[in-house]
Amino acid sequence: SQQGEEDPQALSIQEGENATMNCSYKTSINNLQWYRQNSGRGLVHLILIRSNEREKHSGRLRVTLDTSKKSSSLLITASRAADTASYFCATDAYHTDGSSNTGKLIFGQGTTLQVKP
Amino acid sequence: EAGVTQFPSHSVIEKGQTVTLRCDPISGHDNLYWYRRVMGKEIKFLLHFVKESKQDESGMPNNRFLAERTGGTYSTLKVQPAELEDSGVYFCASSLRLPTVDHEQFFGPGTRLTVL
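So the protein lines, in turn, are chains S and D.
What the first sequence shows, in my numbering, is residues 126 to 242, in sequence order.
What the second sequence shows, in my numbering, is residues 154 to 269, in sequence order.
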């Protein structure tokens, strides 16, 4: 089963519009992170939100977390052509005894965002 | 400060050949992770080193994959013999803090492996 499933899988918008991506997960988490991957490049960390937080902002990014629904959303406001990339949410994974998180991240399939100039 | 680097950036090999990928983490980062993304699917965890020790290798797909981190600095991931389904992008990441607290993993640019 997948942890961290993104919705939609692909999104195409005009420059200046807002882009919203959603992520759902299945297990308990300590935190949830969003990453961006530009074509041919590595993953860039965007923002981390803890399980006891509901909303977090960073520049044009706004992340929400609803632990009761096991979902998160990433909002990019006033999008730019340079925001064109794939966006992934990732959750940490707990040891089977629930004692602590393992360090490894569990990613979803990602949302491919295209921002047209 | 230099980021995580990976070499090569792209490798094209034939089925049955051997390929070795290298990752240099950020200096001082004890934690090193390997992930891969195949066929546009999700990015999947392969294994986690703490210094030179394998902390978790539950994501390694089979015994054709061998990861090492001698001396606790750089790491190599060898695929021998490579199969078609091994094609994908292999990412390396490193982090400073122990996984028991919030930690950011810094990712390298990835190695794109194509097996023909």
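Backbone N, C-alpha and C define an ideal beta-carbon position, used for all residues, glycine too.
Would residue i be called buried (16 or more neighbouring beta carbons within 10 Å of its own) or exposed?
i             : result
residue 133/S : exposed
residue 142/S : exposed
residue 277/D : It is not possible to answer for residue 277/D, since the shown part of chain D is limited to 154 through 269.
residue 268/D : buried
residue 215/D : exposed
residue 238/D : exposed
residue 156/D : exposed
residue 233/D : exposed
Flag this pair as yes or no: are the beta carbons of residue i and residue j separated by less than 8 angstroms?
i             : j             : result
residue 188/S : residue 195/S : no
residue 136/S : residue 158/S : no
residue 184/S : residue 212/S : no
residue 140/S : residue 241/S : yes
residue 202/D : residue 212/D : no
residue 164/D : residue 229/D : no
residue 215/S : residue 161/S : no
Can you give me the C-alpha to C-alpha distance between residue i and residue j, rounded to a whole angstrom?
i             : j             : result
residue 217/D : residue 177/D : 22 angstroms
residue 262/D : residue 177/S : 31 angstroms
residue 202/S : residue 235/D : 43 angstroms
residue 244/D : residue 168/S : 8 angstroms
residue 259/D : residue 167/D : 31 angstroms
residue 227/D : residue 188/D : 15 angstroms
residue 163/S : residue 207/S : 9 angstroms
residue 200/S : residue 148/S : 12 angstroms
Which residues mark the beginning and the end of the beta strand (DSSP E) in which residue i is found?
i             : result
residue 186/D : 184-190
residue 246/D : 241-248
residue 200/S : 196-201
residue 221/D : 218-221
Which of the residues in the stretch 160-186 of chain S, read from start to end, lie with their CB under 7 angstroms from any CB of chain D?
166, 167, 168, 170, 173, 175
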